[in-house]
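**Student:**
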Amino acid sequence: MLGFLKKPVVVTAEINMNLVALTVIGLISRLWGLSYPRAVVFDEVYYGQFVSLYMKRIFFVDDSGPPFGHMLLALGGYLGGFDGNFLWNRIGAEYSMNVPVWSLRLLPALAGAFCVPLAYQILVELQFSHCAALGAALLILLENSLITQSRFMLLESILIFFTLLAVLSYLKFYNLQRHSSFSGSWWFWLLLTGVACSCAVGVKYMGLFTYMLLLTIAGLHFWHMIGDQNLSNVSLMCHFLARGLALVIIPVAMYLSFFYVHLTLLYRSGPHDQIMTSAFQASLEGGLARITQGQPLEVAYGSQITLRNVLGKPMQCWLHSHTNTYPIRYENGRGSSHQQQVTCYPFKDVNNWWIVKDPGMQQLVVSNPPRPVRHGHIVQLVHGITTRYLNTHDVAAPLSPHSQEVSCYIDYNISMPAQNLWRVEIVNRESDTDVWKTILSEVRFVHVNTSAVLKASGFIGASLPEWGYRQLEVVGEKLSKGYHQSMVWNVEEHRYGKSQEQKEREVELHSPTQMDISKNLSFMAKFTELQWKILTLKNEDTEHKYSSSALDWITMDTNIAYWLHPTSGAQIHLLGNVVTWASANVAALVYMCLSLWYLIRRRRKIYDIPEDAWQLWVSAGGICVGGWAVNYLPFFLMEKTLFLYHYLPALTFQILLIPIVLQHLGNHLCRSLLLKSMFSALIVAWFSSVYLVYRTFSPVTYGEPSLSVTELKDLRWKDSWNILIRKQ
33 MLGFLKKPVV VTAEINMNLV ALTVIGLISR LWGLSYPRAV VFDEVYYGQF VSLYMKRIFF
93 VDDSGPPFGH MLLALGGYLG GFDGNFLWNR IGAEYSMNVP VWSLRLLPAL AGAFCVPLAY
153 QILVELQFSH CAALGAALLI LLENSLITQS RFMLLESILI FFTLLAVLSY LKFYNLQRHS
213 SFSGSWWFWL LLTGVACSCA VGVKYMGLFT YMLLLTIAGL HFWHMIGDQN LSNVSLMCHF
273 LARGLALVII PVAMYLSFFY VHLTLLYRSG PHDQIMTSAF QASLEGGLAR ITQGQPLEVA
333 YGSQITLRNV LGKPMQCWLH SHTNTYPIRY ENGRGSSHQQ QVTCYPFKDV NNWWIVKDPG
393 MQQLVVSNPP RPVRHGHIVQ LVHGITTRYL NTHDVAAPLS PHSQEVSCYI DYNISMPAQN
453 LWRVEIVNRE SDTDVWKTIL SEVRFVHVNT SAVLKASGFI GASLPEWGYR QLEVVGEKLS
513 KGYHQSMVWN VEEHRYGKSQ EQKEREVELH SPTQMDISKN LSFMAKFTEL QWKILTLKNE
573 DTEHKYSSSA LDWITMDTNI AYWLHPTSGA QIHLLGNVVT WASANVAALV YMCLSLWYLI
633 RRRRKIYDIP EDAWQLWVSA GGICVGGWAV NYLPFFLMEK TLFLYHYLPA LTFQILLIPI
693 VLQHLGNHLC RSLLLKSMFS ALIVAWFSSV YLVYRTFSPV TYGEPSLSVT ELKDLRWKDS
753 WNILIRKQ
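In my numbering, the protein residues as written are 33 to 760.
(1) Check whether the Cβ atoms of residue 526 and residue 327 sit closer than 8 Å, and answer yes or no.
(2) What are the boundary residues of the alpha helix (DSSP H) that includes residue 137?
(3) Do residue 389 and residue 299 have their C-beta atoms closer together than 8 Å?
(4) Are the CB atoms of residue 356 and residue 371 within a distance shorter than 8 Å?
(5) Going by other Cβ atoms of all chains shown within 10 Å of its Cβ, with 16 needed for buried, is residue 436 buried or exposed?
(6) When DSSP labels each residue in this structure, what does residue 726 get in the three-state scheme?
(7) Measure the beta-carbon distance from residue 349 to residue 125 and round it to whole angstroms, keeping in mind my assumption that it falls under 8 Å.
(8) Who pairs with residue 377 in a beta bridge, going by DSSP?
(9) What does DSSP give as the partner residues of residue 487 in its beta bridges?
(10) Kindly indicate which three-state DSSP category residue 243 falls into: helix, strand or coil?
(11) With DSSP run on the structure shown, which of helix, strand or coil describes residue 612?
(12) Check each candidate in 521, 66, 607 and 453 and name the one with the smallest Cα separation from residue 593.
(13) Considering only residues of the same chain and omitting the five flanking positions on each side of residue 521, which have a CB-CB separation below 8 Å?
(14) Following the continuous beta strand (DSSP E) through residue 426, name the residue where it begins and the one where it ends.
(15) DSSP puts residue 477 in a beta bridge; with which residues?
(16) If contacts are defined as beta-carbon pairs under 8 Å, then residue 173 and residue 57 qualify, I think. What distance do you get, rounded to the angstrom?
(17) Under a three-way DSSP split, which group does residue 766 fall into?
(18) Return the chain-ordered ranges of every alpha helix (DSSP H) run that is complete within the stretch 610-697 and spans a minimum of 4 residues.
(19) Quick one: residues in its chain with C-beta nearer than 6 Å to the C-beta of residue 384, no 5 flanking neighbours on either side, listed in chain order?
(20) Between the Cα of residue 133 and those of 107, 95 and 687, spot the shortest distance and give me the residue it belongs to.
(21) With three or more beta-carbon pairs closer than 8 Å as the criterion, would you say the stretch 647-659 touches the stretch 716-732?
(22) Nearest by alpha-carbon distance to residue 176: which of 758, 756, 723 and 752 is it?
(23) Take the Cβ of residue 40 as the centre, count every other Cβ of all protein chains shown within 10 Å, and call the residue buried at 16 or more, exposed below.
(24) Take the Cβ of residue 741 as the centre, count every other Cβ of all protein chains shown within 10 Å, and call the residue buried at 16 or more, exposed below.
(25) May I have the straight-line CA-CA distance separating residue 198 from residue 223, to the nearest angstrom?
(26) At what residues does the beta strand (DSSP E) containing residue 525 begin and finish?
(27) Could you check how far apart the C-beta atoms of residue 630 and residue 689 are, in whole angstroms? I think they sit under 8 Å.
(28) Is the CB-CB distance between residue 304 and residue 91 below 8 Å?
(29) Based on Cα-Cα distance, which residue from 709, 681 and 423 lies nearest to residue 235?
(30) Give me, in chain order, the residues of the same chain whose beta-carbon lies closer than 7 Å to that of residue 161; leave out the 5 immediate sequence neighbours on both sides.
(31) Should residue 272 be labelled buried (16 or more other beta-carbon atoms within 10 Å of its own) or exposed?
(32) Under 8 Å between the Cβ atoms of residue 470 and residue 523?
(33) Report yes if the CB atom of residue 258 is closer than 8 Å to the CB atom of residue 196, and no otherwise.
(34) Quick one: what does DSSP say residue 367 is sitting in, helix, strand or coil?
(35) By Cβ distance below 8 Å, which residues in the same chain neighbour residue 144 in space, the five residues on each side in sequence not counted?
(36) Evaluate residue 687 with the Cβ neighbour count: other Cβ atoms within 10 Å of its Cβ, from every protein chain shown; 16 or more gives buried, anything less gives exposed.
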C-alpha cells in the first residue's frame, strides 16, 4: 500500500533562462534608485491628489478615466502606510517624511519591468525565433521613454502592461486552439485575455482601443472556424459562448466591480460632490447627507423646499429670490417689469427656500395628514422670506430677450395681473401618478398661462450685472425650443412647514429638521451617474507648455521636462531612444510597402514567400501594425490637450514590429550567405547604436548624474527639444 514511498518524488521543470534574465534585468532597470528624486515629478502632482483622497476615503471624480488605475496607485500608498497627508500643489515640491515614495512608485515600475518579458513571449507565440523575441525584449528594455514613464506614480506603464498581457494571453489561447480546445490551459488563457482587457480599460479608456482590436481578431478567427466542416454545430456554439463569456461578459462584470470597489472605498463627502446630483450627494457621509438626513420623502402642499438645478455646470445653483427688483430700464434701453428678481444662486442661503402652495387654499403649512403633490398637479411657489409668488409673463428676460422674465410678483396696481400657476412634471417618473419626492424626483415647472418652462439660463456663462449681484439668470423658456437639463430641478432640502405666521416661519426656515427617512441610492444608480459624469465632464483644456500634436510624436519633435533639481543641473525628461523611434517608423513603412507588394504579386498568382510565411507575416502585422494604428490614429480626432506620453502604447506595438521585419528580411530577402552575414553585421551595428543612445540619454532618464551646461547642450539633438539650462 505504501509502495509509492520506495521511489523519490521527482519534479521536473523547464526554465527559459532568456525569460528569467530579461525579467531580472527589467526589474533592475525600472527599480534602481526608485525613490530618487524625492520630489513631485510632473503628473504625480495630479495622481497624488487622488491617492490622498483614497487614503482619507473622500469621494472624487476624475474625468480622465475609470478608477482602477487610481486604485492601484492608492494600493501602493496603502502598502507603504501613507496617511494621505501631503499637499499636492506644485511640481518639484519635496516629499515629507510621511510619504512612502518608493511604495507609491512601485506598481508602475513593476508593470514597466514585466513589459520586457511580455514582449519576448509575444514574439515567441507569434512563431518568430527566440533571437527575434530577445531583440524585441531588449528594445523595450532600452527604450528611455518607457523607463522614465514607469519609474513614477503614473498610469501609462500599467496600461501598457495589461495591454501586452491581453495580447499574449490571446495568442497563447489561439495557439492552444488547434490541439487542446476546452482544456484547463485553454480556459485559463482565454479568461486571462478578458481579465487583462478589462483591467486595461479600467486603467485608461485608451485600453479600449486594444480591446476592440482583440475582439475584431477573435471575431475573424471564429469566422474561419465556422467554415471548418470538422466542427459540429454544437461545438461551434460552445466556442461562441465561451468567447462571449470570457471576452464580453467577464470584462463588463469586472469593469462594474472597479466602480463598486471605488464607491465602497470613497464613502465620505468631498470637493467633487457639487457636480453630482443631490441624491448622489445625500448618499455620502457628511456634506449634504449631514444636512438632508431624515428629511420628509414626499413633497406635500405646505412643504418648505430648496430647488437645485440638475445640470450643475459650470457650478451648482439653487432657485433664489431677494427683495431687490429688476431695474426699470436695462443698459441697452429695454424695459423690465420692475418685479422682484429671481435668480439661480450658487451658495446655500435662507433666500433659497420656497413654499409649495395649493392654489385653492390660503394656508402655507402642511395639513395632517399631508397631501402629497403628484405629477401633473398645479402649484404656486411662494418665496419663503418675502412671501411673494413665483411668476412669469410676456416680458423679455434681462440677458435672454427671446425668453420670458421670471420674477416674484409685486402688485403695482397696474394692468399686469399675476401669472403664478405652475404645473409639476416629474421627468424621471415611472407612472403618471408618481408623487414628487425629495432629492429623487427630477421635475420641470411648466407655466400654466404661457407654457414656458422654468430654466436656469446662466449656464451659457453669463451672469447678471451688478444690480443682480452677478448671480445666474433664470428665465421662462418655450417648450418648442427643446429639452435641456437646465430646465430640470430637484428638491434638495425639505421640511414640512408648521408655522402660518411670517415671523415664526422665518425662524423655522433657519432651523434644521429631523425625520428618519432613508434616500440611499442603489449601486447601479450611482454607477450610471458617475460613469455619465466621467464621460461628459470636460475640464477646460488650456494650452500647456509641453502639450503637442499627434504629428509631433512620430518623429519625436517634442519632449516633456518632468523634473529639475532646485540647485544642480540634474533633470528628468520624457525623451525616447532616437534610434529605436526612427527604426520603428522605418519598420512600419517597410511592412506596409512589402505587404502591398506581396498582395499585388499574389493577385497575379506570383508567390514570393511560402504560404506559412505569408500567414505569419499577416498575423504579426494584425497585432503589431493594428496595435499601433488603433492606439495612435484616434488622437487625430480628439479635442483634448495631448502629450508625448499618449503615444507610448502605440510605440510599444511599433517596437515589436522591428525584429519581425528584420527576421523576415533576413529569411526571405537575403538569400546568399554573404548577404546574410552582411545583414547580421548591420543588425549588430544598429543594436550597438540603440544601446549607445540609451546610455547617452540615461542621465535625463534617471535624473543622475548631474550634467554640466555643455553636456546638456550636447543632448539637445533637435531644436524643438526643451532641455533646461540654468542661467549662469
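Just so you know, even glycine gets a beta-carbon here, dropped at the ideal spot from N, CA and C.
Only a predicted model underlies this, so the values are computations on that prediction, with no experimental measurement involved.
**Tutor:** So, from the data block:
(1) yes
(2) 133-157
(3) no
(4) no
(5) buried
(6) helix
(7) Residue 349 to residue 125, Cβ: 35 Å. No contact.
(8) 350
(9) 507
(10) helix
(11) helix
(12) 607
(13) 339, 340, 341, 342, 351, 474, 475, 476, 477 and 486
(14) 422-428
(15) 456
(16) 6 Å
(17) Only positions 33 to 760 of the chain appear in this structure, which leaves residue 766 out of reach.
(18) 610-635 and 643-664
(19) 338, 350 and 352
(20) 107
(21) no
(22) 723
(23) exposed
(24) exposed
(25) 10 Å
(26) 521-528
(27) Residue 630 to residue 689, Cβ: 16 Å. No contact.
(28) yes
(29) 681
(30) 695
(31) exposed
(32) yes
(33) no
(34) strand
(35) 58, 62, 178, 179, 181, 182, 183, 189, 192 and 193
(36) buried
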